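Following: one structure in structure tokens, then a few remarks.
Numbering (the working numbering), first residue to last: 3 to 388.
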């Protein structure tokens, strides 16, 4: 076995151990049971140019079977009739929905963070559930989330939905970026147990706070300039002394992050550089490490020797564990090398965009913080939407 074979084998062996630990022990939202108490809940939906998604997702939001519920949607100065579509869907469903017209973000605020801040200020619930407009949910999702909050005495619960992948490029890239780092680097069961804020993550697609915990961590005002606001909120929740629970929820929640390859490219251009460290040296080191671990096994396998095949077998085990935990289709496993190469190219493009200050999302320029703090290695892995 060559030195590179050994190094890659050690890296992948450690990743596979974490992945198997997650497969066997990760908290599952669907198993949370029923809440012991029924506090008032506010569902808060920031929406900018989400008319198409809302036709698919809003009915599931309005069909939640939780009794004490208010639903607020902030139309973040959309250009596609988002607010009108939302009102029409709610009227057809005979459901109560309050649509708020958002204002332009002040200087230094990322657009989504400002939208969420406005929603939280308007909410009346004791529990705040931030729900991205591209997420579909089973009717029991809110009940299970409340049960998880109460059962674990947590200040916040966040969940990882099943990914709806449109086309082969999304099937190749999205699992590599959005889920493989979480699977391989972050033992989810330990997040609420260990106090270190560096062992944390949050997914802004679905995150619930008690009102007290949201206030104690500073809310979205405390992360106003962060592109990966959910990652920052996860760290701040733990730093404030509150417990954070991270669940997988493939049978309760589903998300289609991007409607097209162009939109996927724009989203990852915004997120990948801060996701991989947010500074040149940490970014380069993390990109090199993950690219080596996830691509070298194919080069080693060409030699065909038994020892050279060990890294390949470990990588295959890692991807199979991910497919089982997150309920991927098997084509995502077969497309692994394409996904890693494409993700690496998008990461470099993200670095260039951030270096030039030329990053936008949905027609709005994203403020770039030149002094952005380095993100934590595993805790940054899931926050992919703003």
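Ideal placement from N, C-alpha and C gives every residue a C-beta, glycine not left out.
Predicted model, so just to flag it, every value in this text is computed and none were measured.
Of all C-beta pairs linking the region 199-212 to the region 146-160, three or more are shorter than 8 angstroms, placing the two stretches in contact. For residue 10, the secondary structure class from DSSP, reduced to helix, strand or coil, is helix.
Each residue's CA atom was taken as its position, placing residue 226 and residue 348 some 25 angstroms apart.
A distance below 7 angstroms between beta-carbons, with the five flanking residues on each side excluded, links residue 104 to the following residues of its chain, in chain order: 76, 77, 78, 79, 117, 120.
Residue 366 carries a strand assignment under DSSP once its states are collapsed to helix, strand and coil. The alpha-carbon of residue 40 is positioned some 17 angstroms away from that of residue 125. Per DSSP, reduced to three states, the secondary structure at residue 144 is helical. The beta carbon of residue 325 lies closer than 6 angstroms to those of 335 in the same chain, with the five residues before and after it left out. The continuous alpha helix (DSSP H) containing residue 184 extends over residues 182-187. In the DSSP assignment, residue 218 falls within the alpha helix (DSSP H) that extends over 213-218. Comparing alpha carbon positions, the residue from 143, 271, 328 closest to residue 364 is 271. Across the structure, residue 236 and residue 194 are spaced so that their CA atoms are roughly 11 angstroms apart. Straight-line spacing of the CA atoms in residue 289 and residue 201 works out to 20 angstroms. Exclusion of the five residues before and after residue 352 leaves 271, 274, 275 as the residues of its chain whose Cβ lies within less than 6 angstroms of its Cβ. Between the region 23-35 and the region 249-257 there are three or more inter-stretch CB-CB distances shorter than 8 angstroms, so the stretches are counted as touching. Using a Cβ distance threshold of 8 angstroms, residue 135 and residue 233 do not count as a contacting pair.
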